[in-house]
Each structure stands twice: as structure tokens, then as C-alpha cells.
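The next block holds one structure in the form of C-alpha cells; read it before the comments.
Residue numbers (my numbering): 621 to 737.
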């Protein structure tokens, strides 16, 4: 069993910044992909950014140059630094971790990010 606990969401004005954190605990593999999805009202959940255990990263085009994902393997934690936030970034952000060897995915409970003046 793996638990993902998120923190750092909130309300911010356009152009502002937030940092999300997600700590994993439980039965963890050293090989993984971990990252953040988001879901806005009436829209499908989309992958925002991911990082692998080797440090490779990937971003959806809409956040490239504004968001940065990073990881701390010693703390089993990933971070999403979100800068120059826009109203269209408003969504519930879900932490996600993919496990190898057919063990599937784990999800956090979600944290609300609202960008509004």
C-alpha cells in the first residue's frame, strides 16, 4: 500500500506563485514515475508534469517555462513550483505515482489551486 499526501494548494492572484508538495509513504519501489495531474470543472484530468527516479522530467505544453517539477528521493517527495499562474491553471491538482512490475498507480486526495483576482 502506498499513500500520497499533498500540500500547498490555495488561492493566488494571476501572476503569483505556489509550490505543491507530495510525500509518498508505504511500500515504495526505487523505480518510479511521479508527478501531478489536474482536473478543472467540466474538463478531463490531464497530466501536468512528471519526474522519474532518474530525474527525467516532462511537462504539458501549457505549463512549460512556468512550472518546475523536482524530487527529493531521500524524502520520497516531489515538488511542483508554479510561477506566473494564470486563471486557466485553476483546478484540483492530484499527486500521482506509477509503480513498476505491474503494480499500477497511486493517487493523492487532491489539492485545490485557484488563480483569481
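From the three backbone atoms N, C-alpha and C, an ideal C-beta is built for every residue, glycine too.
State the start and end residues of the unbroken beta strand (DSSP E) segment that holds residue i.
i: residue 711; result: 711-718
i: residue 671; result: 666-672
i: residue 659; result: 653-659
i: residue 732; result: 731-735
i: residue 630; result: 630-632
i: residue 705; result: Premise fails: residue 705 is in no beta strand (DSSP E) and is neither H nor E.
i: residue 646; result: 638-646
i: residue 676; result: It is not in any beta strand (DSSP E) - residue 676 carries neither H nor E in the DSSP assignment.
i: residue 621; result: Note, residue 621: premise wrong, no beta strand (DSSP E); not H, not E.
Quick one: grab the DSSP three-state call for residue i.
i: residue 696; result: coil
i: residue 682; result: helix
i: residue 649; result: coil
i: residue 691; result: strand
Pick out whichever of the options has its Cα sitting closest to the Cα of residue i.
i: residue 655; options: 731, 720, 700, 732; result: 700
i: residue 642; options: 663, 705, 706, 669; result: 669
i: residue 672; options: 684, 630, 696, 664; result: 696
i: residue 659; options: 667, 707, 646; result: 667
i: residue 675; options: 663, 689, 662; result: 689
Can you say whether residue i is buried or exposed, counting buried as having 16 or more other CB atoms within 10 angstroms of its CB?
i: residue 711; result: buried
i: residue 694; result: exposed
i: residue 682; result: exposed
i: residue 649; result: exposed
i: residue 705; result: buried
Is the Cβ of residue i closer than 8 Å to any Cβ of chain D?
i: residue 710; result: Absent from the structure: chain D. Only one protein chain is present.
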